[in-house]
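As structure tokens, the structure follows; a few thoughts come after it.
In the numbering used here, the protein residues as written are 1008 to 1202.
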């Protein structure tokens, strides 16, 4: 991850583009961990990892669940809380951009991920597609620290919508294939994407 500098001067912090696969949700409708559900002959977690391998990232992590590679501070409090916790852990350690995507969007493209990363980097504000709060790219910046801390203190299971509002997120017109933003929440959906 980022090297801890012990200094709050963000101009000296190492710039990083980091990816996080949100994989900590309960999968009661699927009957198994979503990360292991197969779409087109491949587990969705493997698909998400391969996608982030092709993106211009310094590193990527799995957040939550049995395959986690990044310690979740408050498990089972929802993706909004997971995003807020990750940002709070990164602030002061590095600057740059964090992109968050759900494990259950196996049709996302590298082009769509790149659009979010590039727009967030140039606009210096969080970006997501108008059709879906996830995936989302958010700047790693100390300007969010106080508001994020207050937000999760007031509401421990904070929504993604609230985190995005606090970050003054910008919605972008989605021009990719509509299948990209489909969440696989049932076997019927998984089978339809495999067809």
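By construction, the Cβ of each residue, glycine as well, lies at the ideal position given by its N, Cα and C atoms.
- Secondary structure of residue 1035, DSSP reduced to three states: coil
- Message: Please give the ranges of any alpha helix (DSSP H) in the segment 1127 to 1171, keeping only runs that are unbroken, at least 4 residues long and fully inside the region.
- Response: 1152 to 1161
- Item | Three-state class that DSSP yields for residue 1085 in the structure shown | helix
- Item | Span of the beta strand (DSSP E), counted from its first residue to its last, around residue 1105 | 1102 to 1109
- Query: Which of helix, strand or coil does DSSP assign to residue 1199?
  - Reply: helix
- Going by C-alpha distance, which of 1083, 1116 and 1087 is nearest residue 1185? 1116
- Query: Name the DSSP bridge partner or partners of residue 1045?
  - Reply: 1050
- Can you name, in chain order, every residue of its own chain whose Cβ lies under 6 Å from the Cβ of residue 1188, other than the five neighbours on each side? 1138 and 1139
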